[in-house]
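**Student:**
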Ligand SMILES: N[C@@H](CCC(=O)N[C@@H](CS)C(=O)NCC(=O)O)C(=O)O
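Residue numbers (my numbering): 39 to 256.
(1) Less than 8 angstroms between the C-beta atoms of residue 65 and residue 44, yes or no?
(2) Run the CB neighbour count on residue 106, radius 10 Å, all protein chains shown included, and call it buried at 16 or more, exposed below.
(3) Can you list, in chain order, the residues of its chain with a C-beta nearer than 7 angstroms to that of residue 84? Leave out the 5 residues immediately preceding and following it.
(4) So what does DSSP say about residue 193, is it helix, strand or coil?
(5) Taking the alpha carbon of residue 155 as the point to measure from, which residue in 79, 204 and 168 has its own alpha carbon closest?
(6) Classify residue 199 as buried or exposed, calling it buried when 16 or more other Cβ atoms lie within 10 Å of its own Cβ.
(7) Among 120, 110, 49 and 168, whose alpha-carbon lies nearest the alpha-carbon of residue 246?
(8) Answer yes or no: the CB of residue 262 versus the heavy atoms of ligand 1, is any distance below 7 angstroms?
(9) Who are the Cβ neighbours of residue 144 in its own chain at under 6 angstroms, not counting the five residues just before and after it?
(10) Just to check, is the beta-carbon of residue 55 closer than 7 angstroms to a non-hydrogen atom of ligand 1?
(11) Here's the rule: buried if 16 or more other CB atoms are within 10 angstroms of the residue's CB, otherwise exposed. What is residue 201?
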C-alpha cells in the first residue's frame with residue numbers, strides 16, 4: 039500500500055502546513071512529503087491538481103485527499119489516539135483550543151504572519167486588536183496550563199500544542215513580550231524536535247516572498 043503523501047507549502051511561511059507535519063511526525067506515522075512555494079504559478083498548477091480547494095496542507099491517501107490541517111490531524115488521531123488528551127473533558131478542551139486557532143485569531147494571523155526567516159524584530163505598528171487577541175489567546179493557554187499543571191497545554195504534548203507552535207514562532211520573530219509562564223510554554227514548543235526539523239527545512243529553502251510585509255515593516 040502506498041504511504042500517505044503530505045503536500046505542503048514553504049516551511050518558512052506556511053503555518054497551516056507546519057501543524058499536520060508536527061502531528062504526523064509526533065505520531066510516528068510513515069508518510070512522504072513534498073513542498074510547494076506559495077504565491078507562485080507552480081503552486082497553483084500543482085496543488086490544484088490534487089487538493090480540492092487548491093490549498094495546502096493536503097494529505098493524499100491513495101487517490102483520495104484530505105485537505106485541511108485539523109482534518110488531517112484528526113485522521114492521525116484515529117490511528118494514534120494519544121495525540122489528544124486521554125481525559126474526555128481535557129480532550130474536549132484541547133479540541134476547543136485547537137478549534138479557536140483553526141477558525142479565529144485573524145488579527146494575529148494578519149499582522150504577525152509566520153516567517154521563520156525574520157530576524158526577531160518588533161513590527162512598527164500593531165493594532166489594539168492584535169493585543170486584544172493575544173490576551174484572549176493567553177486566557178485559553180492559562181486555563182489549560184493551570185488545569186493540567188503543564189508543561190504542555192494538557193500535560194502531555196497534544197494536537198492543541200501543534201496548533202499553537204506557529205504562534206509561538208510568530209511571537210518570537212516579532213519579539214512579542216510575554217509573561218514568564220507563557221514565554222516558557224512558547225520556548226518549550228519551539229524546542230521540540232519536530233519543530234526544529236521543520237525550522238531546519240525552512241532555513242534550507244531558497245524560496246523568498248519579497249513583498250511578504252510592506253517595505254516599511256520588512
Ligand atoms: N483551513 C485550512 C487553511 C489552509 C490555507 O489557507 N492554506 C494556505 C497556505 S498557509 C494556502 O494554501 N494558500 C494558497 C494560496 O494562497 O494560493 C487548513 O487548516 O488547512
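Every residue, glycine too, gets a C-beta built ideally from N, C-alpha and C.
**Tutor:** So, from the data block:
(1) For this step, residue 65 is matched to residue 27 along the chain shown. For this step, residue 44 is matched to residue 6 along the chain shown. For the pair residue 65 and residue 44, the CB atoms are not nearer than the 8 angstroms cut-off.
(2) As a first step, residue 106 is located in the chain shown; it is residue number 68 there, counting from the start. Buried: at least 16 other Cβ atoms inside 10 Å.
(3) Translated into positions along the chain shown, residue 84 becomes position 46. In its chain, beyond the 5 residues on either side, 74 have a beta carbon closer than 7 angstroms to the beta carbon of residue 84.
(4) Translated into positions along the chain shown, residue 193 becomes position 155. Strand, per DSSP.
(5) Your numbering for residue 155 matches position 117 in the chain shown. Nearest of 79, 204 and 168 to residue 155, Cα basis: 204.
(6) Numbered from its first residue, the chain shown carries residue 199 at position 161. With 16 or more other Cβ atoms within 10 Å, it is buried.
(7) Taking the chain shown and counting its residues from 1, one reaches residue 246 at position 208. Distance from the Cα of residue 246 is smallest, within the candidate group 120, 110, 49 and 168, for 49.
(8) In the structure displayed, the chain extends from 39 to 256; residue 262 sits before or after that span and is not available.
(9) Taking the chain shown and counting its residues from 1, the one referred to as residue 144 is at position 106. Excluding the 5 residues flanking it on each side, residue 144 has no same chain C-beta neighbour closer than 6 angstroms.
(10) Within the chain shown, residue 55 is the residue found at index 17, counting from 1. Taken from the Cβ of residue 55, at least one heavy atom of ligand 1 lies inside 7 angstroms.
(11) Within the chain shown, the letter at position 163 stands for residue 201. Classification for residue 201: buried.
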